[in-house]
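In this note's numbering, the protein residues as written are 1 to 161.
Since the structure comes first, as structure tokens, the remarks are kept for the end.
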Ligand SMILES: [Zn+2]
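See the structure below:
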């Protein structure tokens, strides 16, 4: 018997996870994103702040972690720009940056709403949260439920903002 979802969604091409509690152990990260907060986990035993968030501390293996807020603005350390060979589903140019979040953490993230050559080392960027196509999952008695999803990127920020 075929799945009720067969042919309806190209799941193998989808790089965003299911984000609800039933499917994802770091679901608070996505719940917080929906409220405009960028968060991650801090270990209560050794104080390690890891990004992306974890369910087990990468340093001491403790699973006693708490959620902490990260700054939503940062400074660009390195920029990468792709104009050709961009993966299916992404707009051109595909821009990423290594971003220093006010000294608390350095992360590598996508930068959107930006043209080739516009983003430079030292620029300020701010968090942007956007909707991702909802993913259908099979609920009870074969009912299809659409799971709302979000993800984050950064965009160039200006001093007056
Ligand atoms: Zn730890």
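For every residue, glycine included, the Cβ atom is placed at its ideal position computed from N, Cα and C.
Predicted, not measured: the structure shown is a model, and the values here were computed from it.
Coil, strand or helix - residue i by DSSP
i           : result
residue 53  : coil
residue 59  : coil
residue 142 : helix
residue 79  : strand
residue 136 : strand
residue 210 : This structure leaves residue 210 out entirely; the chain is present only between 1 and 161.
residue 2   : Residue placement at residue 2 is flagged as unreliable, the pLDDT there being 49, under the threshold of 50; a coordinate-derived value is accordingly withheld.
residue 155 : strand
residue 148 : strand
residue 126 : strand
residue 74  : strand
residue 131 : strand
7 Å Cβ cutoff met for residue i and residue j
i           : j           : result
residue 155 : residue 113 : yes
residue 118 : residue 76  : no
residue 27  : residue 19  : yes
residue 46  : residue 65  : no
residue 51  : residue 107 : yes
residue 129 : residue 111 : no
residue 70  : residue 41  : no
Burial state of residue i, where buried means 16 or more other Cβ atoms lie within 10 Å
i           : result
residue 30  : buried
residue 149 : buried
residue 125 : buried
residue 60  : exposed
residue 74  : buried
residue 99  : buried
residue 146 : exposed
residue 88  : exposed
Span of the alpha helix (DSSP H) around residue i
i          : result
residue 18 : Note, residue 18: premise wrong, no alpha helix (DSSP H); not H, not E.
residue 31 : 27-34
Check: residue i C-beta below 6 Å from any heavy atom of ligand 3
i           : result
residue 114 : Among the ligands in the structure shown, ligand 3 does not appear; only ligand 1 can be found there.
Beta strand (DSSP E) segment containing residue i, residue limits
i           : result
residue 38  : No beta strand (DSSP E) contains residue 38, which DSSP labels as neither H nor E.
residue 88  : Premise fails: residue 88 is in no beta strand (DSSP E) and is neither H nor E.
residue 100 : 94-100
residue 109 : 106-111
Any C-beta of chain C under 7 Å from that of residue i
i          : result
residue 87 : Annotation note: the requested chain C is absent from the structure, which comprises a single protein chain.
Closer than 5 Å between the C-beta and any heavy atom of ligand 1: which residues qualify, listed along the chain?
Every residue whose Cβ sits closer than 5 Å to any heavy atom of ligand 1 is listed here in chain order: 43, 45, 46, 48, 57, 59, 60 and 62.
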